[in-house]
Structures are given as structure tokens and as C-alpha cells.
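In our numbering, the protein residues as written are 1 to 202.
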């Protein structure tokens, strides 16, 4: 069993490192209780902020033996203009596992859309690779129970930018737009108008 932290490096600065460190330690405590945290290198010790120019994606894979690989790649943001709501059943992705098979299966149901929004127990959660927030005319609301408690989401909640709530398809239909964000995509970089979202379930 392996897990991953995907970390943004922008012009030589490692972004949101404390949030990634907190999530990694939480995962280690949950799945690898025999692995002492003091035996795990801290992310600030293994991430090379000078690995390249522009925006880089650092991918840190770890497991029961500690950190196993650290890879860097230039980051190119995907084009996303349309969304399809899909039923996710009992899908669970609370911890950022390298096994994305269930998410990938749901992403394949996007049809003519660019990406999916996953519904679980009648409530919106995430896309296959980002957290989401809807604008209800007054402010930004993010699902109370996302599939993954993302680092960007945590930071935006701490900053008071987002409010948590249960979000139904009806709430989505009454909203004006949806923002997609994750560790690599800043809040506001990818917004999609509600009329470009197919809310008829697949």
C-alpha cells in the first residue's frame, strides 16, 4: 500500500508544505503505526525547490518503509470547460493513495464533458482529481464530506474563503458557478458556469 503527496513548486518556492506534512503524518499514523514519524524524513528536507523553473509538480510516494520516490515534472493544467455529474456509489478516497482505479473508472463516464463531479449518498463530493466549491450568490461553499480532504481546501477553510455544507444536485443547479482546485490548481484558476454542467446522472 502506497500513498502520495503532490506538491506545487512555483518559481523556486514550495507551496503549502505544512499542510502536506500534516496529511502525510496523519496517513502514516493511520496505516503504518509501526513506522516512527521521527524516522520519516520531513518534506522540507527532501523537496528540492530548485529542481526546475516555472511551475513544477513534485510527487512524493511513501509507504511502510518510508519515502520511496521523489519525482519532479513540469506542470501543465488540463483544459476543463464542461462537467458531468456521475453516481459514485460507495467510493472512498479519504487518504491519498496511489491506487486511483475507482476514480479513474468514474472519470471514464464523463462522456462528452471534460471531467466528472462525483455524487455519493445524494451529495456532491469532488471531481476525479480536484476538490470543488459552488458559488450560491453569497459566497463559496465546499462539500462537507469530500472524497479527499485536500491541502488547498484545508488552507482555504483556514483563511475563511470557503464554508462547508452538504451540497445536493439541487444546490448545484441553483448556483452560478463551480470552482475546481487542488494543490496544483489555485482557487479561481478553473471556474465553470453551472449551465456547462450536465446534472443528469450517469
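Glycine is no exception: its CB is placed at the ideal position from the N, C-alpha and C atoms.
A quick note: this is a predicted structure, and the numbers were derived from the prediction, not measured.
Residue range of the beta strand (DSSP E) that includes residue 69: 66 to 74 is the span of the beta strand (DSSP E), which, as asked, contains residue 69.
For residue 49, the three-state DSSP class (helix, strand or coil): Coil.
Looking only at its own chain, which residues have a Cβ that is under 8 Å from the Cβ of residue 199, when we skip the five neighbours before and after it? The beta carbon of residue 199 lies closer than 8 Å to those of 85, 169, 172 and 173 in the same chain, with the five residues before and after it left out.
Rounded C-beta distance between residue 147 and residue 156? I'm assuming under 8 Å. Not a contact, Cβ separation roughly 17 Å.
Counterpart residues of residue 181 in DSSP-defined beta bridges: Residue 181 pairs with 131.
Classify residue 189 as helix, strand or coil using the three-state DSSP reduction. Looking at residue 189 - three-state DSSP - the assignment turns out to be coil, as it is neither helix nor strand.
Apart from the five residues just before and just after residue 37, which ones in its own chain have a Cβ nearer than 7 Å to its Cβ? Non-local C-beta neighbours of residue 37 in its own chain, meaning closer than 7 Å and more than five positions away in sequence, comprise 25 and 28, ordered along the chain.
Sequence-distant residues of the same chain with beta carbon closer than 7 Å to residue 19, five excluded per side: Once the five neighbours on either side are set aside, the close Cβ partners of residue 19 are 151, 154 and 155.
What is the rounded straight-line gap between the Cα of residue 205 and the Cα of residue 136? Look at the range of the chain in this structure, 1 to 202, and you will see that residue 205 is not part of it.
Can you name the residues that DSSP bridges to residue 116? 84, per the DSSP bridge assignment.
Out of 139, 47, 76 and 149, which has the shortest C-alpha to C-alpha gap to residue 70? Of the candidates 139, 47, 76 and 149, the one whose C-alpha sits nearest the C-alpha of residue 70 is 47.
Inter-stretch contact at 8 Å, needing at least 3 Cβ pairs: the region 174 to 181 / the region 136 to 145: Yes, since at least three Cβ pairs between the region 174 to 181 and the region 136 to 145 fall closer than 8 Å, the two stretches touch.
Along the beta strand (DSSP E) that carries residue 16, what are the first and last residues, could you check? Here residue 16 belongs to no beta strand (DSSP E), and DSSP marks it neither H nor E.
Do you know offhand how far residue 7's Cα is from residue 1's? Taking the straight line joining both Cα atoms gives about 20 Å.
Going by Cα to Cα distance, which pick from 107, 12, 140 and 77 is closest to residue 127? Of the listed residues, the one whose Cα sits closest to residue 127 is 107.
Looking at residue 49 and residue 4, is the spacing between their C-beta atoms short of 7 Å? The answer is no: Cβ separation not under 7 Å.
For residue 53 and residue 77, I'd like the C-alpha separation in whole angstroms. Distance from the CA atom of residue 53 to the CA atom of residue 77, rounded to whole angstroms, is 16 Å.
Of the residues 97, 121 and 12, the one placed nearest residue 56, counting alpha carbons only: Nearest C-alpha to residue 56: 12.
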